[in-house]
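Asker:
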Amino acid sequence: MATKTADETTTQTAPARPDLDLGEDAALLVDLLKLATFIARPMREGVAEPLGLSANDLKIILALGGEGELAGHELSEIMGLPPMNVSRAIAALTARGLVEPGEDASNRRRKPVRLTAEGTALFQQTIPAMATVGGKLFADFTPDERAVFHSAAQAILARMTGGD
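Residues in the sequence shown are numbered consecutively from 1, following our numbering.
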């Protein structure tokens with residue numbers, strides 16, 4: 001909770017539980033978890049809803065737009081959602097003509113999906129909407145702070161996806 005008196009020129013943040021010493025690594029993880037939770041609202045309100053998508057639909061559009069063809073189980077892993085939720089979202093997006101079955105010639109049992117031309121066009125519409133949301137969230141960041149944040153996020157993602 002931020003507090004500021006008339007005599008202060010900076011904002012001080014009080015710890016939520018001053019009696020709880022998490023240690024640096026656990027505190028960073030808690031911050032990351034909070035960030036992941038709180039980013040959902042501006043993404044839903046600023047990107048998903050204006051484009052007529054649910055939060056899960058948006059995640060699938062972004063994953064397929066960024067990664068290409070993916071199978072349901074891969075989307076489930078990337079999105080951290082139960083397979084049933086991913087299956088329902090894929091079915092809804094398929095019915096809307098945004099997603100279609102792909103094919104994996106090297107593994108006929110794998111059933112990937114991909115964006116249709118309409119889905120790709122919708123993915124392209126997410127980019128300016130995400131830039132607007134990101135612009136608001138990072139408005140006070142200097143270019144150096146943006147670079148540090150980007151580098152840290154990339155390092156964490158690489159470590160978590162085996163890319164390090």
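No residue lacks a Cβ here, since even glycine has one placed at the ideal position from N, Cα and C.
1. With 16 other CB atoms within 10 Å as the buried threshold, where does Met-84 fall?
2. Assess contact between the segment 39-53 and the segment 131-140, defined as three or more Cβ pairs (one per stretch) separated by less than 8 angstroms. Is contact present?
3. Under 8 angstroms, do Leu-70 and Val-113 count as touching if we go by C-beta distance?
4. Please classify Ala-153: does DSSP put it in a helix, a strand, or coil?
5. How far does the beta strand (DSSP E) with Glu-69 in it reach, from first residue to last?
6. Contact defined as beta carbons within less than 8 angstroms: I believe Ile-61 pairs with Leu-122. What is the distance between those atoms, to the nearest angstrom?
7. Mind the definition here: the segment 87-106 touches the segment 116-130 only if three or more C-beta pairs lie below 8 angstroms; say whether that holds.
8. Since Arg-108 is in the alpha helix (DSSP H), which residue starts that stretch and which ends it?
9. Give a yes or no on whether the C-beta atoms belonging to Val-99 and Leu-81 are separated by under 8 angstroms.
10. Are the beta-carbon atoms of Lys-111 and Gly-162 separated by less than 8 angstroms?
11. Report the residue from Arg-146, Ser-106, Pro-50 whose alpha carbon sits nearest the alpha carbon of Ala-129.
12. Taking 7 angstroms as the cut-off, is the CB of Thr-132 close to at least one heavy atom of the ligand FAD?
13. Reducing DSSP to helix, strand and coil, say where Arg-88 ends up.
14. What are the start and end residues of the alpha helix (DSSP H) that includes Val-30?
15. What is the DSSP secondary structure of Leu-137, counted as helix, strand or coil?
16. How many Å lie between Pro-143 and Ala-153 at the Cα?
Answerer: Short version:
1. Exposed.
2. Three or more pairs of CB atoms, one per stretch, sit closer than 8 angstroms, so the segment 39-53 contacts the segment 131-140.
3. Yes. Within cutoff.
4. Helix at Ala-153.
5. No beta strand (DSSP E) contains Glu-69, which DSSP labels as neither H nor E.
6. Going by Cβ atoms, the distance from Ile-61 to Leu-122 rounds to 6 angstroms, so yes, they are a contact pair.
7. Note that the segment 87-106 touches the segment 116-130; at least 3 beta-carbon pairs, one per stretch, sit closer than 8 angstroms.
8. It is not in any alpha helix (DSSP H) - Arg-108 carries neither H nor E in the DSSP assignment.
9. No, these two residues do not count as a Cβ contact at 8 angstroms.
10. The answer is no: Cβ separation not under 8 angstroms.
11. With distances taken between Cα atoms, Ala-129 lies closest to Pro-50.
12. This structure lacks the ligand FAD; in fact it carries no ligand of any kind.
13. DSSP, read as helix, strand or coil, puts Arg-88 in helix.
14. Per DSSP, Val-30 belongs to the alpha helix (DSSP H) from 24-38.
15. Looking at Leu-137 - three-state DSSP - the assignment turns out to be helix.
16. In this structure, the alpha-carbon of Pro-143 lies about 15 angstroms from that of Ala-153.
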